[in-house]
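Novice: Chains as they are written, first to last, in our numbering: chain A, 1 to 212; chain B, 1001 to 1212.
Sending over a structure as structure tokens; questions will come in a sec.
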DNA sequence: TTGCATCCTGACCGTATGGTCAGCTTTCAG
DNA sequence: CTGAAAGCTGACCATACGGTCAGGATGCAA
């Protein structure tokens, strides 16, 4: 990585190594799960000796925690699309776009997140009970207002949110299945676009937010 | 389990033990993933010595394979709802009902299946390339016919199927998240019904299958 | 009752894994 | 230039895990 940047500053070293480790860890955790992942595998993928991993992350748990928190940050960031919007069409469209982009660009992270939740969120339980719950409650309120304003049908806001999460997350978590059914090839740009358009159209029409 | 059925027949012994082991394995694999699951844990949960597990299932892989195949059977069975139906409203409604029932009654199995796919389907790859692909292609054809007959909008059948899988599977795989957002309590009968109704209404209306 | 196949299990083994550490090299402030 | 702090790592350790096996218990057909 650095044939030319010979004299690397301390800060940079730390930042780059942590980044490389986190990236490798994300991939390995996604592919093997927490239990199946090994520090050796992560180290190899990051191109570092195993002992070096323990210099930056004391334990496997700590490393895992960092990976999961990283994803959660990205996740929350995308979630803001909801706020700026004036109505369900804008808001939900933007949110679907953002979440689909995450599924496409960070499939490993999405899988780690899914895995974490599936196993009872041992690491993120407190986040779910605080940050996630608050975010959700806020969005439920927004949707409720949209309904009151007659911008969409009276659909249960929570189940609508679950539907958005499910449909978008699916393209990351079950990406392998989708690829297999796609003749073993990953989705093309065009297919990703179609996926997004389909989801948007069905959901927006389904909640009565599209002009007749 | 058998204070009164003292003399247990060979057949029964085998069947009951295999059943107990598979049930325990399903739970442990769901909670810990393949890598995190241990034969000891499964044995304890099944109430048998570890060595006894290896008498019925030679290796951890073999046991896991059995669990995954079990789920796949259930999954395929539910998938037949599609065939008997005459139109999208009947077919998709029945399918959603069936898959939601699976999510509710077999959350562990659903998680194991999700985990298997997320990790690249090491065990079920061949099934996905044969059985699953055939089933999917068949259903795509059915949906295409519905579209031609004007029973629904021209929605991409594959993405519609993914949407059905995603939304229903979500209630099992992300059940913990849903429970947390539900005040830490699992969904009531009523809430499950609402979930199903919401999904059905949004999707059926979204694909233009509901009478105006 | 007898002989045998099935069922069962405590004790054991080799290996892989997470983690440690002593001591090395490199950076950099003063 | 220098010394201390930060970065690095090969070798090592304790443990836990998947799997084995010899030998005992049990049901069952003849």
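C-beta: ideal position from N, C-alpha, C; glycine also.
(1) Please go through the segment 5-53 of chain A and give each complete alpha helix (DSSP H) segment of 4 or more residues, from N-terminal end onward.
(2) Residue 1057 (chain B) to residue 1063 (chain B), Cα distance in whole Å?
(3) Between residue 169 (chain A) and residue 1117 (chain B), is the Cβ-Cβ spacing less than 8 Å?
(4) Closer than 8 Å, CB to CB, is residue 135 (chain A) near chain B or not?
(5) Kindly indicate which residue of A:47, A:53, A:33 has the alpha-carbon position closest to the one of residue 39 (chain A).
(6) Does the CB of residue 1033 (chain B) have a neighbour CB from chain A at under 8 Å?
(7) Relative to the C-alpha of residue 1140 (chain B), which candidate in A:140, A:182, A:175 has its C-alpha closest?
(8) Just to confirm the assignment, what range does the alpha helix (DSSP H) spanning residue 168 (chain A) have?
(9) Is there a Cβ of chain B sitting closer than 8 Å to that of residue 109 (chain A), yes or no?
(10) Below 8 Å on C-beta distance, what does residue 1064 (chain B) contact in chain A?
(11) Taking C-beta pairs closer than 8 Å, name the residues in chain A that residue 1114 (chain B) reaches, listed in chain order.
(12) Taking only runs that begin and end inside the segment 78-107 of chain A, name each unbroken alpha helix (DSSP H) of 4 or more residues, in chain order.
(13) If you reduce the DSSP assignment to three classes, tell me which class residue 1206 (chain B) lands in.
(14) So which residues of chain B does residue 106 (chain A) contact, with C-beta pairs closer than 9 Å?
(15) If you measure from the beta carbon of residue 1180 (chain B) to each beta carbon in chain A, is any gap under 8 Å?
(16) Where does residue 176 (chain A) fall in DSSP's three states?
(17) Assuming residue 198 (chain A) and residue 1156 (chain B) are in contact, meaning their beta carbons sit under 8 Å apart, how far apart are those beta carbons, in whole angstroms?
(18) DSSP three-state call for residue 1132 (chain B): helix, strand or coil?
(19) How big is the Cα-Cα spacing for residue 1014 (chain B) and residue 1185 (chain B)?
(20) Under a Cβ-count criterion, where at least 16 other Cβ atoms within 10 Å of its own Cβ denotes burial, should residue 68 (chain A) be classed as buried or exposed?
(21) In chain order, what residues of the segment 123-149 of chain A put their CB closer than 8 Å to some CB of chain B?
(22) Considering only their Cβ atoms, is the gap separating residue 107 (chain A) from residue 175 (chain A) smaller than 8 Å?
(23) Cβ atoms of residue 124 (chain A) and residue 72 (chain A): under 8 Å apart, would you say?
(24) Please look up how many angstroms separate the CB atoms of residue 200 (chain A) and residue 96 (chain A), rounded, as I've assumed it's under 8 Å.
(25) Between residue 1036 (chain B) and chain A, is any beta-carbon pair separated by less than 8 Å?
(26) Which residue's Cα is closest to the Cα of residue 1036 (chain B): B:1102, B:1190, B:1112, B:1193?
(27) Consult DSSP for residue 196 (chain A) and reduce its assignment to one of helix, strand or coil.
(28) May I have the straight-line CA-CA distance separating residue 46 (chain A) from residue 142 (chain A), to the nearest angstrom?
Specialist: Put simply:
(1) The segment 5-53 of chain A contains these whole alpha helix (DSSP H) runs: 10-36, 39-46.
(2) Taking the straight line from one Cα to the other gives about 6 Å.
(3) It is not a contact, given that the beta carbons lie outside the stated cut-off.
(4) Not one chain B Cβ lies under 8 Å of residue 135 (chain A).
(5) Of A:47, A:53, A:33, the residue nearest in Cα terms is A:53.
(6) Judged by the 8 Å Cβ criterion, residue 1033 (chain B) is in contact with chain A.
(7) Looking only at A:140, A:182, A:175, the smallest Cα-Cα distance to residue 1140 (chain B) is reached by A:182.
(8) Taken as a continuous stretch (DSSP letters only), the alpha helix (DSSP H) holding residue 168 (chain A) covers 157-173.
(9) Among the residues facing chain B, residue 109 (chain A) is not included, as its CB has no counterpart in that chain under 8 Å away.
(10) Chain-order list of chain A residues neighbouring residue 1064 (chain B): empty, with the shortest C-beta distance near 12 Å, by a criterion of under 8 Å.
(11) Those within 8 Å of residue 1114 (chain B) in chain A are 114, 118, 173, 174.
(12) Runs of the alpha helix (DSSP H) lying entirely within the segment 78-107 of chain A and spanning at least 4 residues, in chain order: 81-84, 88-105.
(13) Three-state DSSP puts residue 1206 (chain B) in a helix.
(14) Going along chain B, no residue has its Cβ under 9 Å from residue 106 (chain A), so there is no contact; the nearest lies around 14 Å.
(15) It does; some Cβ of chain A falls within 8 Å.
(16) Residue 176 (chain A): helix per DSSP, three-state reduction.
(17) Right, the Cβ-Cβ distance comes to about 5 Å (below 8 Å), so this counts as a contact.
(18) Under the three-state reduction of DSSP output, residue 1132 (chain B) falls in the helix class.
(19) Per the coordinates, the alpha-carbon of residue 1014 (chain B) lies some 37 Å from the alpha-carbon of residue 1185 (chain B).
(20) So residue 68 (chain A) counts as buried.
(21) Listed by position along the chain: 125, 128, 129, 132, 133, 136.
(22) The beta carbons of residue 175 (chain A) and residue 107 (chain A) sit closer together than 8 Å.
(23) In this structure, residue 124 (chain A) lies closer than 8 Å to residue 72 (chain A) by Cβ.
(24) With a Cβ gap of about 5 Å, residue 200 (chain A) and residue 96 (chain A) count as contacting.
(25) Proximity of residue 1036 (chain B) to chain A, defined by a Cβ-Cβ separation below 8 Å, is satisfied.
(26) Nearest C-alpha to residue 1036 (chain B): B:1112.
(27) Look at residue 196 (chain A) here: in three-state DSSP terms it is helix.
(28) Between residue 46 (chain A) and residue 142 (chain A), the C-alpha separation is close to 43 Å.
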